[in-house]
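**Q** One line per chain: the protein sequences are P and G, in this order.
Taken in order, the first sequence gives residues 5 to 115; the numbers are from our numbering.
Taken in order, the second sequence gives residues 65 to 176; the numbers are from our numbering.
All C-beta atoms, glycine included, are put in the ideal place defined by N, C-alpha and C.
All of these numbers come straight from a predicted model, not from anything done at the bench.
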Amino acid sequence: NAGVTQTPKFQVLKTGQSMTLQCAQDMNHEYMSWYRQDPGMGLRLIHYSVGAGITDQGEVPNGYNVSRSTTEDFPLRLLSAAPSQTSVYFCATRKWGNEQFFGPGTRLTVL
Amino acid sequence: GESVGLHLPTLSVQEGDNSIINCAYSNSASDYFIWYKQESGKGPQFIIDIRSNMDKRQGQRVTVLLNKTVKHLSLQIAATQPGDSAVYFCAESQGAGNMLTFGGGTRLMVKP
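#1: Determine, for lysine 101/G, whether the minimum Cβ-Cβ distance to residues of chain P falls below 8 Å.
#2: Thinking just about the alpha-carbon of each residue, which of Ala142/G, Pro176/G, Ser138/G and Ala143/G is nearest to the one in tyrosine 152/G?
#3: Note down the Cα distance separating asparagine 82/G from leucine 75/G, rounded to an integer number of angstroms.
#4: Note down, in chain order, every chain P residue with its Cβ under 8 Å from the Cβ of methionine 163/G.
#5: DSSP has arginine 121/G in a bridge; who is on the other side?
#6: Whole-angstrom Cβ separation of valine 92/P and glycine 109/P, contact assumed at under 8 Å?
#7: Taking Cβ-Cβ distances shorter than 7 Å, what residues in chain G pair up with glycine 109/P?
#8: With distances taken from CA atoms, which of Gly62/P, Pro79/P, Ser84/P and Tyr39/P is nearest alanine 56/P?
#9: Tell me whether glycine 89/P sits in a helix, a strand or coil according to DSSP, three-state version.
#10: Could you run through the region 113 to 131 of chain G and flag, in chain order, every residue whose CB is less than 7 Å away from some CB of chain P?
#11: When the Cα atoms are used, what is the spatial distance from glycine 44/P to glutamine 102/G?
#12: Which chain P residues sit within Cβ distance under 8 Å of glycine 147/G?
#13: Taking the C-alpha atoms as reference points, what is the distance between glycine 67/P and glutamine 61/P?
#14: Check whether the Cβ atoms of leucine 72/G and threonine 165/G lie closer than 8 Å to each other.
#15: For lysine 120/G, which of Gln158/G, Gly167/G and Lys132/G has the nearest alpha-carbon?
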């Protein structure tokens with residue numbers, strides 16, 4: 005049981021490049037979400053999903069896309085990376101109504 | 065690590081002392097509150113939660129107090145240990161675990 009896994013751990017992009025951050029869970033949790041964490045700030049919700057085929061926007065969705073084709077995976081796509089997207093990205097999962105479990109994070113730098 | 069707050073408020077305590085970390089929340093409609101611990105280079109880890117129909121909840125060495133009148137949440141850690149050194153975040157939501165809004169965090173440093 006690996007819990008919540010995220011890949012890659014580190015990534016450097018040039019402005020305008022696109023990429024996908026991967027998140028996978030083996031706990032059969034319905035709810036998955038993506039957060040970003042900037043220095044000196046708490047986590048801010050980007051997108052979330054309450055189950056396969058269902059996604060919705062969080063607090064800061066612009067510049068990101070998500071999809072949820074399976075219960076296990078919830079990839080986050082950056083369409084055209086910008087320096088303002090330099091951050092640490094966390095994926096989280098939970099069973100409905102219970103505590104969230106966070107992955108180890110992906111540290112992204114956009115030059 | 066450096067990604068979790070270069071300018072966070074810091075609480076420094078002596079090992080063995082009790083720690084109290086405070087959080088003010090803004091949404092009077094929030095009815096579910098969580099405390100998370102985040103160690104350097106790791107994701108947040110659940111510590112304890114409380115619903116708005118309670119004023120106090122205790123866990124192992126931790127107690128959360130909720131004052132809805134002044135929209136204030138606190139986390140008390142008894143007999144603080146070096147392993148408690150981390151950044152602590154409060155989070156609030158309307159409904160258990162729905163869209164969470166995180167506070168800015170407090171760095172706890174435990175001196176041996």
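**A** Once the coordinates are examined:
#1: Residue 101/G sits at position 37 when you count from the first residue of the second sequence. Judged by the 8 Å Cβ criterion, lysine 101/G is not in contact with chain P.
#2: Translated into the one-based positions of the second sequence, residue 152/G becomes position 88. Among Ala142/G, Pro176/G, Ser138/G and Ala143/G, the Cα nearest to that of tyrosine 152/G belongs to Ser138/G.
#3: Translated into positions along the second sequence, residue 82/G becomes position 18. Translated into positions along the second sequence, residue 75/G becomes position 11. Taking the straight line from one Cα to the other gives about 11 Å.
#4: For the purposes of this step, residue 163/G is identified with residue 99 of the second sequence, where counting begins at 1. Neighbours of methionine 163/G in chain P, taken as residues whose beta carbon is under 8 Å from its own, are Leu49, Tyr52, Gly62 and Glu63 in chain order.
#5: One-based indexing of the second sequence puts residue 121/G at position 57. Answer is Val128/G.
#6: Translated into the one-based positions of the first sequence, residue 92/P becomes position 88. Translated into the one-based positions of the first sequence, residue 109/P becomes position 105. Between glycine 109/P and valine 92/P the Cβ distance is about 5 Å, and since that is below 8 Å, they are a contact.
#7: As a working note, residue 109/P is residue 105 in the first sequence. In chain order: Gly107.
#8: Here residue 56/P refers to the residue found at position 52 when the first sequence is read from its first residue. Looking at the Cα atoms, Pro79/P is the closest of the given residues.
#9: Your numbering for residue 89/P matches position 85 in the first sequence. Sequence check: residue 89/P is glutamine here, not glycine. Here glutamine 89/P sits in helix by DSSP.
#10: Asp113
#11: Residue mapping note: residue 44/P aligns to position 40 of the first sequence, counting from 1. Residue mapping note: residue 102/G aligns to position 38 of the second sequence, counting from 1. Cα to Cα, the separation comes out at about 13 Å.
#12: One-based indexing of the second sequence puts residue 147/G at position 83. Those do not exist, as glycine 147/G stays about 18 Å from chain P at its closest Cβ, beyond 8 Å.
#13: Residue 67/P sits at position 63 when you count from the first residue of the first sequence. Residue 61/P sits at position 57 when you count from the first residue of the first sequence. Cα-Cα distance, rounded: 11 Å.
#14: As a first step, residue 72/G is located in the second sequence; it is residue number 8 there, counting from the start. As a first step, residue 165/G is located in the second sequence; it is residue number 101 there, counting from the start. No, these two residues do not count as a Cβ contact at 8 Å.
#15: The sequence position of residue 120/G within the second sequence is 56, counting from 1. Ranking Gln158/G, Gly167/G and Lys132/G by Cα distance to lysine 120/G puts Lys132/G first.
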